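Peer 1:
Residue numbers (this note's numbering): 891 to 1103.
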C-alpha cells in the first residue's frame, strides 16, 4: 500500500500556453477549497508538496507516488515529465469543476481524485491506483519482451535464409548450424544470426559497389 506521496502544482497560479490562452490553475478549478495535501494527510499518509519541478527529482526517490494537482490542459505534459524521472504511480487531483469535462478514457494516469470524494473513496482510489500501476508496469515489461523476441526472430529468419541460399541446406539444418555455432562461441543464437546477416550485407554492398566502378 502506498504511504508517501509527492504533490506537485504548477509554478504559477495561472500560466499561458503556446496559443496565449490562460490555463486555469488547479486551485482555481477546485471550487471546494480542499487541497490534496489535506485530504491525503487526514488519512494518515505522508505528503510533501512542491510548486513546479524544483528539487522534485530528488524527492521522487523518497516518495512512492506522485499526485499532480494541475489543470487538464497541461496534464499530459506533467505525466510525461514525472515518468521521465522514474516509473511510479501517477495520480491526478482533478478540480471538481473539471471532473465531468476532463475525466475520459484517454487519461494516462493510474488514478483520479477529486474534492468531492469521501475519505473511504480516496483511500480506495489510492489502493486501486497502486494496483493499476503494477499491472501497467507488468504489461509494459511483457510488451518489451515480446517486441524483443520478435526482433530476435527476424534476425534468425534472415540468417537462416542466407545459410539456405549459400550452403544449399534446409531451414532445419540452417537453424541447427546457428545453434551449434552459438554453443561453440558461447553466444546467443540471435547474436550469431545478426553477425551472419551483417557480414552478408557488407559483402553484398561491396560487390555492388565494386561492379559499378
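A virtual CB, placed ideally from N, CA and C, is assigned to each residue, including glycine.
Being a predicted model, the structure only gives us computed values, none of them experimental.
Counting only C-beta atoms, is residue 1021 closer than 7 Å to chain D at any point?
Peer 2: Note that chain D does not occur in the displayed structure, where there is just one protein chain.
Peer 1: Quick check: what's the CA-CA separation for residue 1034 versus residue 1062?
Peer 2: 28 Å
Peer 1: Less than 7 Å between the beta carbons of residue 924 and residue 1005, yes or no?
Peer 2: yes
Peer 1: Please confirm whether residue 981 and residue 957 have their CB atoms less than 7 Å apart.
Peer 2: yes
Peer 1: Under 7 Å Cβ to Cβ from residue 1079, same chain only, skipping five residues before and after it: list those, please.
Peer 2: 1046, 1068, 1069 and 1072
Peer 1: Are the CB atoms of residue 967 and residue 894 within a distance shorter than 7 Å?
Peer 2: no
Peer 1: Would you list the residues sitting across from residue 955 in a DSSP beta bridge?
Peer 2: 895
Peer 1: When the Cα atoms are used, what is the spatial distance from residue 972 to residue 1077?
Peer 2: Distance between residue 972 and residue 1077, taken at the CA atoms: about 38 Å.
Peer 1: What residues in its chain sit with their C-beta under 6 Å from that of residue 1064, if we drop five residues either side in the sequence?
Peer 2: Same-chain partners within the cutoff: 1050, 1053 and 1054.
Peer 1: Pick out whichever of 1002, 1095 and 932 has its Cα sitting closest to the Cα of residue 960.
Peer 2: 1002
Peer 1: Do you know how far the Cα of residue 1084 is from the Cα of residue 1090?
Peer 2: 10 Å
Peer 1: Confirm, please, whether the CB-CB distance from residue 896 to residue 1016 is below 7 Å.
Peer 2: no
Peer 1: Got a sec? Which residues, its chain only, sit under 7 Å from residue 965 by beta carbon, not counting five neighbours each side?
Peer 2: Only 958 and 982 meet the Cβ criterion.
Peer 1: In angstroms, rounded to a whole number, what distance separates the CA positions of residue 999 and residue 1039?
Peer 2: 28 Å
Peer 1: Drop a sphere of 10 angstroms on the beta-carbon of residue 916, count the other beta-carbons inside from all chains shown, and report buried for 16 or more, exposed for fewer.
Peer 2: Confidence at residue 916 is low in this model, with a pLDDT of 43, below 50, so the placement of that residue is unreliable and no value is reported for it.
Peer 1: In this structure, does DSSP put residue 1092 in helix, strand or coil?
Peer 2: helix
Peer 1: State buried or exposed for residue 934, treating a residue as buried only when at least 16 other CB atoms are found within 10 Å of its CB.
Peer 2: exposed
Peer 1: For residue 1116 and residue 937, which I take to be in contact (beta-carbon distance under 8 Å), what is that distance rounded to the nearest angstrom?
Peer 2: The chain is shown from 891 up to 1103; residue 1116 falls before or after that span and cannot be answered.
Peer 1: Excluding the 5 residues flanking residue 1012 on each side, which residues of the same chain have their C-beta closer than 8 Å to its C-beta?
Peer 2: Excluding sequence neighbours, residue 1012 sits near 929, 930, 933 and 1003.
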